[in-house]
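Colleague: Every position in the first sequence, counted from 1, becomes a number in my numbering once 964 is added.
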Amino acid sequence: MIVLTGPTAVGKTKLSIALAKSVGGEIISADSMQVYRGMDIGTAKIDAAKMQEVPHHLIDVLEPEEDFHVALFQQLAEQAMDEIYSRGKIPIIVGGTGFYIQAVTNAVDFTETETDFKFREELEHFAALHGADALHQRLCGIDPAAAAQIHKNNIKRTIRALEYYHQTGKKISEHNQEQKLHTSPYELYYFVLTAPRDLLYAQINLRVDEMIKDGLLSEVERLQKRGLSKTAVSMQGLGYKELLEYLEGKQTLQETIEQIKKDTRHFAKRQLTWFKREKQAIWFDKSEFDYNDNRLLKELLNKLPKTWIC
RNA sequence: GGAUGGGUAUGCCUAGCGGCGAGGGCAGCGGACUGUAAAUCCGUCACAAAGAAACAACGCAGGUUCGAGUCCUGCCCCAUCCA
965 MIVLTGPTAV
975 GKTKLSIALA
985 KSVGGEIISA
995 DSMQVYRGMD
1005 IGTAKIDAAK
1015 MQEVPHHLID
1025 VLEPEEDFHV
1035 ALFQQLAEQA
1045 MDEIYSRGKI
1055 PIIVGGTGFY
1065 IQAVTNAVDF
1075 TETETDFKFR
1085 EELEHFAALH
1095 GADALHQRLC
1105 GIDPAAAAQI
1115 HKNNIKRTIR
1125 ALEYYHQTGK
1135 KISEHNQEQK
1145 LHTSPYELYY
1155 FVLTAPRDLL
1165 YAQINLRVDE
1175 MIKDGLLSEV
1185 ERLQKRGLSK
1195 TAVSMQGLGY
1205 KELLEYLEGK
1215 QTLQETIEQI
1225 KKDTRHFAKR
1235 QLTWFKREKQ
1245 AIWFDKSEFD
1255 YNDNRLLKEL
1265 LNKLPKTWIC
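1. Between residue 1162 and residue 1168, what straight-line distance do the alpha-carbon atoms span, to the nearest angstrom?
2. Note down, in chain order, each residue of its chain lying with its Cβ closer than 6 Å to the Cβ of residue 1121, except the 5 sequence neighbours on either side.
3. Ignoring anything shorter than 4 residues, give me the alpha helix (DSSP H) runs that lie fully in the stretch 1039-1069, in order along the chain.
4. Could you pull out every residue in the same chain whose Cβ sits closer than 7 Å to the Cβ of residue 1127, ignoring the five residues on either side in sequence?
5. Go ahead and label residue 1183 buried or exposed: buried means 16 or more other beta carbons lie within 10 angstroms of its beta carbon, across all protein chains shown.
6. Where does residue 1255 sit, in a helix, a strand or coil, going by DSSP?
7. Examine the Cβ distances between the stretch 1256-1268 and the stretch 1184-1197 and report whether three or more of them are shorter than 8 Å.
8. When you compare the stretch 968-979 with the stretch 1051-1068, are there three or more beta-carbon pairs, one atom per stretch, that lie closer than 8 Å?
9. Is residue 1119 closer than 7 Å to residue 1096 when the C-beta atoms are compared?
10. Would you say residue 1090 and residue 1099 are within 7 Å of each other, going by their C-beta atoms?
11. Measure the alpha-carbon distance for residue 1033 versus residue 986 and round it to whole angstroms.
12. From 1203, 1266, 1272 and 1242, pick the residue whose C-alpha is nearest to that of residue 1069; which is it?
13. Use the C-beta contact count for residue 1067: other C-beta atoms within 10 angstroms, 16 or more gives buried, fewer gives exposed.
14. Could you tell me the boundaries of the beta strand (DSSP E) in which residue 993 lies?
15. Should the stretch 1223-1233 be regarded as contacting the stretch 1030-1050, the criterion being three or more beta carbon pairs within less than 8 Å?
16. So, do the stretch 1007-1016 and the stretch 981-996 have three or more beta carbon pairs nearer to each other than 8 Å?
17. Looking at the secondary structure, which residues open and close the alpha helix (DSSP H) in which residue 1129 lies?
18. So which of 1189, 966 and 1235 has the shortest CA-CA distance to residue 1164?
19. Under 8 Å by Cβ, that's how I've got residue 992 and residue 1041 pegged, so tell me the actual separation to the nearest angstrom.
20. Once you ignore the five residues that flank residue 1224 on each side, which residues in its own chain have a CB closer than 6 Å to its CB?
21. Does residue 998 pass the burial test, meaning 16 or more other C-beta atoms within 10 Å, or should it be called exposed?
22. Would residue 1139 be called buried (16 or more neighbouring beta carbons within 10 Å of its own) or exposed?
23. Looking at residue 1267 and residue 1246, is the spacing between their C-beta atoms short of 7 Å?
24. So residue 1180 and residue 1054 are supposed to be a Cβ contact under 8 Å. How far apart are they, rounded?
25. Who are the Cβ neighbours of residue 1143 in its own chain at under 8 Å, not counting the five residues just before and after it?
26. Put residue 1230 into one of helix, strand or coil per three-state DSSP.
27. Kindly indicate which three-state DSSP category residue 1112 falls into: helix, strand or coil?
28. Quick one: is residue 1194 buried, meaning 16 or more other Cβ sit within 10 Å of its Cβ, or exposed?
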């Protein structure tokens, strides 16, 4: 199994096609937003022509009204991998969602539970009423270890920890501890593509401008007309949440575009922070290859077993 | 030429109206993350240092005051308006 990841706009998609062809692989997208149909421009989704006959999985599999999350990603990705292996092909996970990738590479066990929206809402309400501190206090009572790890302002994660206990009767801190011991059950090659920060940021800015030119605004308008609002998981996506605010008249278009660029830059930074923790990561800095994808690919293929290359 | 408002730290915006070794925001930088992860959250951000005490710093130069970013005078910039 090959993983090809890196911050947004670094050029994963393009390289992934060349890589897939070189090893006879199929691509599994590890992207929390490209799973949604009708969200193409803002997610920089690859189009059929660019796929060049390389099979892609986990793109366009959900409606924007549906909820997507790691556990579902893991399930779908594992399914896809089984299929790919059964065809004697190599699965290549391509995408920038480090958390999702880890769920697959380390076979994290997500105990099967349905999301308990009522419970979550209840806790959100509690936090709004009594403050984040009080909510965090509740977690302290049942799972002090988790409470020590989760900052009290991080309401979302505090709620998840409480929810976990509520649903399973077990402490999430213990569960996490167990899961951390997991190592990858696959023969794994984890490649991280990167580029100097200033260049990456410039590329992000450029890409956002292009998205706007390509009609991102009308894409968002279409989704809005369809009834989607900021509360939808899909509308948490970069470009989508900001443009929805614009459509509500909260800011000018120019301000919104700047906002999207900024948010995307921050996101790229968070991605990099995540990848730095992945011990098995093999890094490729594009600047060291003069931004020549062919040279980079050659070097990358060198890291793989000879028998994989066709 | 006149009127008015303003110039605040290594980048930008801003609070401040006599006790400020100057508060906040943004950007930048660093980090966390196990069911919303393109989410959520945290730290740092003059220099030096941990010393009853140090020489920096609020456009520049003076002045008033025990004490000035804050008040006064002059000058220099910027914005808007009037000639």
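The beta-carbon is built from N, C-alpha and C at its ideal position, and this holds for glycine as well. Since the model is a prediction, treat every value here as computed from it, not as a measurement.
Modeller: In this structure, then:
1. 10 Å
2. 1114
3. 1062-1069
4. 1080, 1083 and 1084
5. buried
6. coil
7. no
8. yes
9. yes
10. yes
11. 31 Å
12. 1242
13. buried
14. 989-993
15. no
16. yes
17. 1119-1132
18. 1235
19. 5 Å
20. 1172, 1203 and 1206
21. buried
22. buried
23. yes
24. So it is not a contact: roughly 34 Å between Cβ atoms.
25. 1070, 1072 and 1073
26. helix
27. helix
28. exposed
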